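Participant: Okay, handing you the structure first.
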Amino acid sequence: MVAVLLVLTNHEDMGNTGKKTGWYLPELAHPYHVFKTAGYSMTMVRPKGGKAPLDKSSVDAFAEDPICKEFLKSDAMKATETTSTIASVDLAKFDVIFYVGGHGPMFDLADCEVSNKAVATVYENGGIVAAVCHGPAGIVNAKLSNGEYLVKGKKVTCFTDKEEDMIKLVEAMPFLLETKLKEHGAEFESEEAWQPCVSVSACGRVATGQNPASATPLAEKIVELLK
Numbered sequence: 001m002v003a004v005l006l007v008l009t010n011h012e013d014m015g016n017t018g019k020k021t022g023w024y025l026p027e028l029a030h031p032y033h034v035f036k037t038a039g040y041s042m043t044m045v046r047p048k049g050g051k052a053p054l055d056k057s058s059v060d061a062f063a064e065d066p067i068c069k070e071f072l073k074s075d076a077m078k079a080t081e082t083t084s085t086i087a088s089v090d091l092a093k094f095d096v097i098f099y100v101g102g103h104g105p106m107f108d109l110a111d112c113e114v115s116n117k118a119v120a121t122v123y124e125n126g127g128i129v130a131a132v133c134h135g136p137a138g139i140v141n142a143k144l145s146n147g148e149y150l151v152k153g154k155k156v157t158c159f160t161d162k163e164e165d166m167i168k169l170v171e172a173m174p175f176l177l178e179t180k181l182k183e184h185g186a187e188f189e190s191e192e193a194w195q196p197c198v199s200v201s202a203c204g205r206v207a208t209g210q211n212p213a214s215a216t217p218l219a220e221k222i223v224e225l226l227k
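Everything in the sequence shown is counted per the UniProt record's numbering, starting at 1 for the first residue and increasing by one.
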């Protein structure tokens with residue numbers, strides 16, 4: 001059975017704005033649905049374990065989404081309240097490490113040493129590293145054993161700087177994710193704002209999605225890559 005490690009954020013404050021953030025509902029619910037349908041096993045973790053904060057704005061935005069509605073009532077949603085730490089799991093057991101988006105990862109995952117090492121370990125074990133929207137914050141600073149950034153020379157996408165500007169949160173971010181990916185050598189790809197976009201590296205083991213609309217197609221691509 002394919003095993004997927006779903007990485008969520010611990011962070012719930014949107015910089016100094018006074019607003020709350022966390023993980024973004026469809027960016028977990030939609031991939032979870034795809035992976036469950038495929039018969040995969042899934043384990044949720046966070047840097048510090050414990051309850052993963054859900055971005056309430058995403059609940060409102062996707063209030064009529066049937067998959068999100070189903071997820072909110074599921075045992076999987078309950079599992080987000082008692083996640084393990086990244087450090088506590090045996091990474092050798094996982095075929096995929098998947099970083100769920102939401103603005104939270106921008107604040108706690110980009111510079112998380114345990115997370116960055118987990119990315120390198122799964123990748124160098126032959127697994128797939130995946131992330132959606134702001135989830136690539138969890139892979140942007142990860143370095144391989146040769147000292148190079150994982151994203152260097154690889155096709156990657158994320159929530160674009162333009163999309164960040166359109167929702168007026170550029171100033172609230174500790175850095176701009178698209179810009180940082182490019183600085184670390186990624187071959188950045190994107191579609192127009194809010195349109196689905198999935199990027200897969202030439203090696204087939206780094207897969208990313210641009211925004212919430214990309215969550216399902218990204219998960220479907222991962223299933224395809226694992227066949």
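Here a beta-carbon is modelled for each residue, glycine too, at the ideal position from N, C-alpha and C.
Small disclaimer: the values here were computed from a predicted structure and weren't measured.
1. Would you list the residues sitting across from aspartate 13 in a DSSP beta bridge?
2. Could you please give the first and the last residue of the uninterrupted beta strand (DSSP E) stretch that includes threonine 43?
3. Let me make sure I understand the geometry here. Which of Ala3, Ser74, Ala131 has the alpha-carbon closest to that of threonine 208?
4. Mind checking aspartate 60: buried by the 16 CB within 10 Å criterion, or exposed?
5. Within a Cβ cutoff of 7 Å, which residues of the same chain sit near valine 122, ignoring the five residues on either side of it in sequence?
6. Do the stretch 6 to 18 and the stretch 51 to 58 meet, that is, are 3 or more Cβ pairs less than 8 Å apart?
7. Checking the sheet assignment: what are the DSSP bridge partners for glutamate 187?
8. Quick check: the stretch 107 to 121 against the stretch 62 to 80, are there 3 or more CB pairs under 8 Å?
9. Here's the rule I'm using: 16 or more other beta-carbon atoms within 10 Å means buried, otherwise exposed. How should glutamine 210 be labelled?
10. Can we count asparagine 146 as close to the ligand NAP, meaning its CB is less than 6 Å from some heavy atom?
11. Would DSSP call threonine 160 helix, strand or coil?
Facilitator: To lay it out plainly:
1. Lys20
2. 41 to 46
3. Ala131
4. exposed
5. Leu91, Phe94, Ile97, Val129
6. yes
7. Lys155
8. no
9. buried
10. Among the components of this structure there are no ligands whatsoever, and the ligand NAP is therefore not found.
11. coil
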